[in-house]
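In the order they appear, the protein sequences are chains A and B.
Quick note on the working numbering: the first sequence kicks off at 227 and runs consecutively.
Quick note on the working numbering: the second sequence kicks off at 227 and runs consecutively.
Note that the Cβ used here is the ideal one computed from N, Cα and C, for glycine as well.
Below: the structure, in structure tokens.
Number of protein chains: 2
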Amino acid sequence: MKLEHDHSVAAIRARLSAGAKPNYIRDWVYGGIDGAVTTFAIISGVVGAELSTRTIIIMGFANLIADGFSMAASNYSGTKTEVDNLERLRRIERKHIAAEPEGEREEIRQILQGKGIEGEALESAVAAVTSNDETWISTMLVDEYGLSEVVRSPMLSAASTFIAFLICGLVPLMPYLIGSEDGFVISLVATAIVFFAIGATKATWSPQPWWRSGLETLAIGLAASAVAYAIGYFLKSVV
Amino acid sequence: MKLEHDHSVAAIRARLSAGAKPNYIRDWVYGGIDGAVTTFAIISGVVGAELSTRTIIIMGFANLIADGFSMAASNYSGTKTEVDNLERLRRIERKHIAAEPEGEREEIRQILQGKGIEGEALESAVAAVTSNDETWISTMLVDEYGLSEVVRSPMLSAASTFIAFLICGLVPLMPYLIGSEDGFVISLVATAIVFFAIGATKATWSPQPWWRSGLETLAIGLAASAVAYAIGYFLKSVV
Chain A
227 MKLEHDHSVA
237 AIRARLSAGA
247 KPNYIRDWVY
257 GGIDGAVTTF
267 AIISGVVGAE
277 LSTRTIIIMG
287 FANLIADGFS
297 MAASNYSGTK
307 TEVDNLERLR
317 RIERKHIAAE
327 PEGEREEIRQ
337 ILQGKGIEGE
347 ALESAVAAVT
357 SNDETWISTM
367 LVDEYGLSEV
377 VRSPMLSAAS
387 TFIAFLICGL
397 VPLMPYLIGS
407 EDGFVISLVA
417 TAIVFFAIGA
427 TKATWSPQPW
437 WRSGLETLAI
447 GLAASAVAYA
457 IGYFLKSVV
Chain B
227 MKLEHDHSVA
237 AIRARLSAGA
247 KPNYIRDWVY
257 GGIDGAVTTF
267 AIISGVVGAE
277 LSTRTIIIMG
287 FANLIADGFS
297 MAASNYSGTK
307 TEVDNLERLR
317 RIERKHIAAE
327 PEGEREEIRQ
337 ILQGKGIEGE
347 ALESAVAAVT
357 SNDETWISTM
367 LVDEYGLSEV
377 VRSPMLSAAS
387 TFIAFLICGL
397 VPLMPYLIGS
407 EDGFVISLVA
417 TAIVFFAIGA
427 TKATWSPQPW
437 WRSGLETLAI
447 GLAASAVAYA
457 IGYFLKSVV
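Structure below.
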């Protein structure tokens, strides 16, 4: 998030409304990381346990579609719940305002008092906020329930997750599909690049520099794969 | 979220501060769903492709620990990024306030004007909010950046995810560990119960009734497993 230092009214208004736009980069990044990690962990487990390349292709694709679908469906449901919940609270608050305006007005008074406004200014501010039902309800949703009023599309969130999962999860499987002889090495290198690239993309909303965010995701992905390899290697002789 | 209709000052204050406490149920629920879905999808893929029970145990455990670790690590990193970002913006805004108080005061004026406050009341409200640096900064973080000031612990988020992933992911593997003959049927029934139970738990923060939320998660989990089974069954004769 870049912080502009332009204090013109237009610039401030632009900043205030920009914060209210939905953003799907997070869905892409988390879907992509999960796709690359789970697929490459399956490959590592198979290689560690010395199972067949056939197992890699079957289990890799089964995971790719099944896990990708499940993540996307969960994201759809979670986003829809948020949207529905916001609507539900909005309806309830609207009813409360109609039925018991004094009590709801007292809530706004407490919220504004919490911001340091007092005395006559407080009464005028309360009167101003409660003069418009939409502002009244919106202030309660944001300041009482701590909700964000940014409305995300469940369908777009789910689609972003699924497509990113699919693309990033296909990368580690590629060498096995083209029947490469050094399948595991090529898969490892290609997946490492994907881990680093998605991690670097995460830096767009993080205070970390891109290379550090990239290295962090690379480290998590490689550690998870090493664990899968070790478990495969260990269980090979046990079961 | 229950909506109390008590409008005493004490009740309103209690509600305002309750909204500011971190909550880790979501980490449990999402970790649990992912653990049950991915593990059972692996089992379904193996059964669909008629691979060995040995493959189920090896790939099931490799996924359980590797994917659980990766989800927990991602959650740790994501939560830490949020906490760091909040701190970073707080520091930047503090610096801006010291360097250019008039510009930052204009931002507060725009924010309060957006809530419908005008004229003399607006000037008094702006003066009140900007009389205390903490309230000033906090108002900008919430209303300008749309951030929540609830600070979550990265360690607790990660631990909740990992433990839930492990517990829910172990359920579908259990029948295979005790060497049951009807492994797949028992695993299916036990996992279906887990899907429904976690889905019902989700209803604590959703407007849906518990049974509908439970059925929804059950449907997603079973659909993902059916997809994995179908891919295993289809690829069995292709590769």
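Check your understanding: For the alpha helix (DSSP H) that contains Pro327 of chain B, what are its first and last residues?
Key -> Pro327 of chain B -> alpha helix (DSSP H) spans Pro327 to Gly340.
Practice item. Name the residue from A:Glu349, A:Cys394, A:Ser374 and A:Glu308 whose alpha carbon lies nearest to the alpha carbon of Ile220 of chain A. Key: The first residue shown for chain A is 227 and the last is 465, placing residue 220 of chain A beyond what the model contains.
Exercise for review: Return the Cβ separation of Thr417 of chain A and Thr264 of chain B in integer angstroms, given the expectation that the two are a contact with Cβ distance under 8 Å.
Suggested key: Actually they are not in contact, since the Cβ atoms of Thr417 of chain A and Thr264 of chain B sit about 18 Å apart, beyond 8 Å.
Review point. Apart from the five residues just before and just after Tyr250 of chain B, which ones in its own chain have a Cβ nearer than 7 Å to its Cβ?
Key: Within the same chain, Tyr250 of chain B has close Cβ partners Leu382, Ser383 and Ser386.
Check your understanding: Who are the Cβ neighbours of Leu229 of chain B in its own chain at under 7 Å, not counting the five residues just before and after it?
Key -> Reliability of the predicted coordinates at Leu229 of chain B is poor, the pLDDT of 46 falling under 50, and the value obtained from them is presented with this limitation in mind. A distance below 7 Å between beta-carbons, with the five flanking residues on each side excluded, links Leu229 of chain B to no residue of its chain.
Check your understanding: If you run the structure through DSSP and keep just helix, strand and coil, what is Tyr250 of chain A?
Key -> It is coil, neither helix nor strand.
Check your understanding: Where do the ends of the alpha helix (DSSP H) carrying Ile382 of chain B lie?
Key -> Just to set this straight, residue 382 of chain B is Leu in the shown sequence, not Ile. Per DSSP, Leu382 of chain B belongs to the alpha helix (DSSP H) from Pro380 to Leu403.
Check your understanding: Is it a yes or a no for the stretch 426-436 of chain B touching the stretch 403-415 of chain B, going by three-plus beta-carbon pairs under 8 Å?
Key -> When C-beta atoms of the stretch 426-436 of chain B are compared with those of the stretch 403-415 of chain B, fewer than three pairs fall below 8 Å, so the two segments do not count as touching.
Practice item. Would you kindly work out how many angstroms separate the C-alpha atoms of Arg330 of chain A and Glu360 of chain B, rounded to a whole number? Key: It is Glu, not Arg, that sits at residue 330 of chain A in the sequence shown. Looking at the two C-alpha atoms, the distance is approximately 26 Å.
Review point. With 16 as the cutoff for other CB atoms within 10 Å, does Arg317 of chain B come out buried or exposed?
Key: Residue environment for Arg317 of chain B: exposed (fewer than 16 other C-beta atoms within 10 angstroms of its C-beta).
Practice item. Indicate the three-state DSSP secondary structure (helix, strand or coil) for Val235 of chain B in the structure shown. Key: Reduced to three states, the DSSP call for Val235 of chain B is helix.
Review point. How many angstroms separate the CA atom of Glu333 of chain A from the CA atom of Asp369 of chain A?
Key: Their backbone Cα atoms lie some 10 Å apart in a straight line.
Check your understanding: CB of Ser357 of chain B to nearest heavy atom of the ligand COA: below 6 Å?
Key -> You won't find the ligand COA in this model; it holds no ligand whatsoever.
Check your understanding: Taking Cβ positions only, does Ile393 of chain A come closer than 7 Å to chain B?
Key -> Not one chain B Cβ lies under 7 Å of Ile393 of chain A.
Point to revise | Cβ-based burial, Ala325 of chain B [other Cβ within 10 Å; buried from 16] | key: Around the beta carbon of Ala325 of chain B, fewer than 16 other beta carbons sit within 10 angstroms, so the residue counts as exposed.
Check your understanding: Between A:Thr356, A:Glu407 and A:Ser379, which lies nearest to Pro327 of chain A when the distance is taken from Cα to Cα?
Key -> When each option's Cα is compared against that of Pro327 of chain A, the closest is A:Thr356.
Exercise for review: Report yes or no: is there a C-beta of chain B within less than 7 Å of the C-beta of Arg280 of chain A?
Suggested key: Under the Cβ criterion of 7 Å, Arg280 of chain A is counted among the residues facing chain B.
Point to revise | C-beta contact flag for Leu415 of chain B and Val397 of chain B at 7 Å | key: Residue identity differs from the one stated: residue 415 of chain B is Val in this sequence, not Leu. Between Val415 of chain B and Val397 of chain B, the CB-CB gap reaches or exceeds 7 Å.
Exercise for review: Please report how far the alpha carbon of Met227 of chain A lies from the alpha carbon of Gly440 of chain B, in whole angstroms.
Suggested key: Note on Met227 of chain A: pLDDT 41, under 50, position unreliable in the model; the coordinate value appears next. Straight-line Cα distance between these residues: approximately 38 Å.
Exercise for review: Examine the Cβ distances between the stretch 271-286 of chain B and the stretch 439-455 of chain B and report whether three or more of them are shorter than 8 Å.
Suggested key: Verdict: yes, contact present.
**Study point:** Straight-line gap, Asp260 of chain A to Thr307 of chain A (C-alpha atoms, nearest Å)
**Key:** Between Asp260 of chain A and Thr307 of chain A, the C-alpha separation is close to 22 Å.
Review point. So, helix, strand or coil for Glu375 of chain B, using DSSP?
Key: The three-state reading of DSSP puts Glu375 of chain B in coil, since its state is none of H, G, I, E or B.
Review point. Distance, Cα to Cα, Gln336 of chain B vs His322 of chain B?
Key: Near 17 Å, if we compare the C-alpha coordinates of His322 of chain B and Gln336 of chain B.
**Study point:** Exposed unless 16 or more other CB atoms sit within 10 angstroms - verdict on Glu197 of chain A
**Key:** Absent from the model: residue 197 of chain A. The displayed extent of chain A is 227 to 465, so no value can be given.
Check your understanding: Which same chain residues, not among the five before or five after Gly409 of chain A, have their C-beta less than 6 Å away from its C-beta?
Key -> Apart from the 5 residues on each side of it in sequence, Gly409 of chain A sits with its Cβ closer than 6 Å to the Cβ of Pro401 and Tyr402 in its chain, given in chain order.
Review point. Which residues mark the beginning and the end of the alpha helix (DSSP H) in which Glu346 of chain A is found?
Key: Counting along the chain, Glu346 of chain A sits inside the alpha helix (DSSP H) bounded by residues Gly345 to Val355.
**Study point:** Closer than 7 Å at the beta carbon, the chain A residues around Thr365 of chain B
**Key:** Under the 7 Å cutoff, chain A gives Lys341.
Practice item. Could you check how far apart the C-beta atoms of Pro435 of chain B and Arg314 of chain A are, in whole angstroms? I think they sit under 8 Å. Key: With 8 Å as the limit, Pro435 of chain B and Arg314 of chain A do not qualify as a contact, their Cβ atoms being about 13 Å apart.
Practice item. Have a look at A:Ile363, A:Gly340, A:Glu344 and A:Gly342 and flag the residue whose alpha-carbon is nearest the alpha-carbon of Gly342 of chain B. Key: Among A:Ile363, A:Gly340, A:Glu344 and A:Gly342, the Cα nearest to that of Gly342 of chain B belongs to A:Ile363.
Point to revise | Alpha-carbon to alpha-carbon, Gly345 of chain B and Gln339 of chain B | key: Roughly 9 Å separates the two Cα atoms.
Check your understanding: Quick one: what's got a C-beta closer than 8 Å to Ala299 of chain B's C-beta in the same chain, skipping five residues either side?
Key -> Excluding the 5 residues flanking it on each side, Ala299 of chain B has same chain C-beta neighbours closer than 8 Å at Ala384, in chain order.
Check your understanding: Mind checking if Gly372 of chain B is an interface residue toward chain A, Cβ cutoff 7 Å exclusive?
Key -> Yes, Gly372 of chain B counts as interfacial toward chain A.
Review point. Grouping DSSP H, G and I as helix and E and B as strand, with all else coil, what is Ala445 of chain B?
Key: Three-state result, Ala445 of chain B: helix.
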